[in-house]
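Visitor:
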Amino acid sequence: MRVLVTGAAGFIGYHVAEALLARGDQVTGLDNLNPYYDPALKQARLARLQQRSNFRFEKQDLADRQGMEALFTRGEFQRVVHLGAQAGVRYSVQNPHAYADSNLTGTLHVLEGCRHGGIGHLVFASTSSVYGANTKMPFSVHDNVDHPLSFYAATKKANELMAHTYASLYGLPATGLRFFTVYGPWGRPDMALFTFTRNILAGRPIEVFNYGRHRRDFTYIDDIAGGVLAALDHVAQPEPRWDGNAPDPATSRAPYRLYNIGNNQPVELMHYIEVLERCLGRKAEKKLLPLQIGDVPDTWADAEDLVRAVGYRPVTPVEEGVRRFVEWYLDYYRDGGPPDPRVTNLG
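355 is the number that the numbering used here gives the last residue of the sequence shown; the numbers go up by one with no jumps.
1) Between which two residues does the beta strand (DSSP E) containing Phe132 stretch?
2) Thinking just about the alpha-carbon of each residue, which of Pro156, Ala108, Phe226 is nearest to the one in Phe188?
3) Taking C-alpha atoms, which residue in Arg332, Asp46, Leu338, Ala175 lies nearest to Ile229?
4) From the DSSP output, read off the bridge partner residues of Glu77.
5) Taking Gln58 and Phe65 to be in contact with their CB atoms under 8 Å, please state how far apart those CB atoms are, rounded to whole angstroms.
6) Kindly identify the DSSP beta-bridge partner or partners of Ala48.
7) Give the range of the beta strand (DSSP E) segment to which Tyr267 is assigned.
8) So which of Asn40, Gln51, Tyr45, Thr36 has the shortest CA-CA distance to Asn62?
9) Can you tell me whether Ile301 is helix, strand or coil according to DSSP?
10) Would Val304 and Gly140 be called neighbours here (beta carbons separated by less than 8 Å)?
11) Quick check on the burial criterion: 16 or more other C-beta atoms within 10 angstroms. Buried or exposed for Arg265?
12) Decide if the segment 173 to 181 is in contact with the segment 196 to 205; the criterion is three or more beta carbon pairs, one per stretch, under 8 Å apart.
13) What are the boundary residues of the beta strand (DSSP E) that Gly184 is part of?
14) Can you name the start and end residues of the beta strand (DSSP E) that Asp39 belongs to?
15) At the level of alpha carbons, what is the spacing between Asp39 and Ser136?
16) Assign Met199 to one of three DSSP states: helix, strand, or coil.
17) Could you give the first and the last residue of the continuous beta strand (DSSP E) run that contains Leu296?
18) Let me know the alpha helix (DSSP H) ranges lying completely inside the segment 112 to 166, each 4 residues or longer, listed in chain order.
19) Quick one: residues in its chain with C-beta nearer than 8 Å to the C-beta of Gly195, no 5 flanking neighbours on either side, listed in chain order?
20) Taking 8 Å as the threshold (C-beta atoms), are Val131 and Val89 in contact?
21) The beta strand (DSSP E) spanning Glu215 covers which residue range?
22) Give me the DSSP bridge partner(s) of Arg223.
23) How long is the line joining the alpha carbons of Leu29 and Thr115, rounded to whole angstroms?
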């Protein structure tokens with residue numbers, strides 16, 4: 009297939025593009041290479057993708073309407089995987105306009121491109137953060153999510169609504185994937201595993217929010233990429249049993265679906281840190297802090313809809329995933345650690 013992947017130089021976008029290329033698809037990767045975190049890491053990911061003959065790169069900002077229209081006009085894409093976004097919970101408190109530009113305006117431009125370009129299926133990234141103030145566990149796509157706790161989460165919930173509107177108005181098949189705390193090699197430097205590793209190796213304390221009482225459904229990046237490809241190949245269809253008197257948020261009369269992609273095994277943050285300490289062979293000095301603004305205490309994915317629909321289930325335990333991350337980190341930064349990130353996100 010000819011697939012457009014937005015955010016292709018980002019953490020998840022890079023791995024998804026690599027998986028598509030490996031199976032022989034023609035991939036156009038879009039990214040604006042912004043400096044939210046170290047652009048050198050983005051360039052390194054991109055350089056690996058550009059070694060493939062079936063990859064083409066477009067440096068483009070999602071918020072640039074004319075540029076996005078031109079891209080879709082000449083691209084002749086069959087399917088789109090929309091992963092480009094301004095990420096991070098904490099940073100959305102500091103700079104909400106960046107999220108409006110990228111996540112709202114940018115997604116509108118992707119939807120318009122899909123509409124006018126006759127795209128056969130749009131798969132787009134959402135997040136476990138949309139569950140916000142919900143406390144019923146595990147989190148289900150069939151539950152209402154109208155109480156986000158960060159502007160980042162609000163923009164992602166808005167993306168789900170926008171995609172449903174285009175599926176309903178124009179028959180655009182659209183599948184939204186709520187990712188749960190993604191980690192692994194080539195990860196983002198502002199995420200907890202990255203900052204924990206850097207600080208432990210440097211002999212500096214790590215900041216442990218919510219006094220370490222977090223539980224997270226940590227999901228390894230290869231499992232995320234596999235789920236994205238499985239969903240992409242399973243084109244969203246209307247649900248004939250959908251009932252407007254008891255509307256199901258995860259399905260629709262339109263060709264629209266929502267799925268969680270999570271490991272379905274929440275892990276206590278302190279255990280996650282213990283696994284990292286064992287992999288590094290060093291103990292962490294912990295600075296215990298209260299819950300961050302906009303963050304949620306726990307996440308736990310009910311991923312059974314994804315399993316039933318596409319036959320795919322994440323399988324990597326944190327012990328294996330953290331080990332692989334540490335091996336990558338020590339190899340990539342053998343000549344010195346990365347610069348300090350601007351913010352820290354547990355995810």
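All residues carry an ideal CB built from backbone N, CA and C; glycine is no exception.
Predicted model, so just to flag it, every value in this text is computed and none were measured.
Guide: Checking against the coordinates, here is how it stands:
1) What you label residue 132 is simply residue 124 of the sequence shown in a count that begins at 1. It spans 129 to 135 - the beta strand (DSSP E) in which Phe132 sits, taken as one unbroken run.
2) Translated into positions along the sequence shown, residue 188 becomes position 180. Comparing Cα-Cα distances from Phe188 to each of Pro156, Ala108, Phe226, the minimum goes to Phe226.
3) Reading the sequence shown from its first residue, position 221 is the one you call residue 229. Among Arg332, Asp46, Leu338, Ala175, the Cα nearest to that of Ile229 belongs to Arg332.
4) The count along the sequence shown starts at 1 and reaches residue 77 at position 69. In the DSSP output, where bridge partners are listed per residue, Glu77 has none listed.
5) Walking along the sequence shown from the start, residue 58 turns up at place 50. Walking along the sequence shown from the start, residue 65 turns up at place 57. About 6 Å; that satisfies the 8 Å criterion.
6) Indexing the sequence shown from 1 puts residue 48 at position 40. Bridge partners of Ala48: none, in fact.
7) For the purposes of this step, residue 267 is identified with residue 259 of the sequence shown, where counting begins at 1. Segment 264 to 269, the beta strand (DSSP E) holding Tyr267.
8) Counted from its first residue, the sequence shown places residue 62 at position 54. Among Asn40, Gln51, Tyr45, Thr36, the Cα nearest to that of Asn62 belongs to Thr36.
9) If you number the sequence shown from 1, residue 301 lands on position 293. DSSP places Ile301 in coil when its eight states are reduced to three.
10) Residue 304 sits at position 296 when you count from the first residue of the sequence shown. Residue 140 sits at position 132 when you count from the first residue of the sequence shown. The answer is yes: Cβ separation under 8 Å.
11) Here the question's residue 265 lines up with position 257 in the sequence shown. When all chains shown are included, Arg265 counts as buried.
12) In this structure the segment 173 to 181 does not lie against the segment 196 to 205, because fewer than three pairs of beta carbons, one per stretch, are closer than 8 Å.
13) The residue labelled residue 184 in the question sits at position 176 within the sequence shown. Its beta strand (DSSP E) spans residues 182 to 187.
14) Reading the sequence shown from its first residue, position 31 is the one you call residue 39. 34 to 39 is the span of the beta strand (DSSP E), which, as asked, contains Asp39.
15) Position 31 of the sequence shown, counted from the start, is the residue given in the question as residue 39. Position 128 of the sequence shown, counted from the start, is the residue given in the question as residue 136. Asp39 and Ser136: Cα-Cα distance of roughly 23 Å.
16) Working through the sequence shown from its first residue, we reach residue 199 at position 191. Three-state DSSP puts Met199 in a strand.
17) Against the sequence shown, residue 296 aligns to sequence position 288. Run containing Leu296: 294 to 296, per the beta strand (DSSP E) assignment.
18) List check, alpha helix (DSSP H) in window: 114 to 125.
19) To locate residue 195, count along the sequence shown from 1; it is residue 187. The residues are Phe19, Leu201, Phe202, Ile229, Phe333.
20) Translated into the one-based positions of the sequence shown, residue 89 becomes position 81. Translated into the one-based positions of the sequence shown, residue 131 becomes position 123. Their beta carbons are under 8 Å apart, which means Val89 touches Val131 by this criterion.
21) Taking the sequence shown and counting its residues from 1, the one referred to as residue 215 is at position 207. That run of the beta strand (DSSP E) goes 214 to 216.
22) Working through the sequence shown from its first residue, we reach residue 223 at position 215. For Arg223, which the question treats as bridged, DSSP gives the partners Glu276, Asp306.
23) Translated into the one-based positions of the sequence shown, residue 29 becomes position 21. Translated into the one-based positions of the sequence shown, residue 115 becomes position 107. Spanning the two alpha carbons is a distance of roughly 24 Å.
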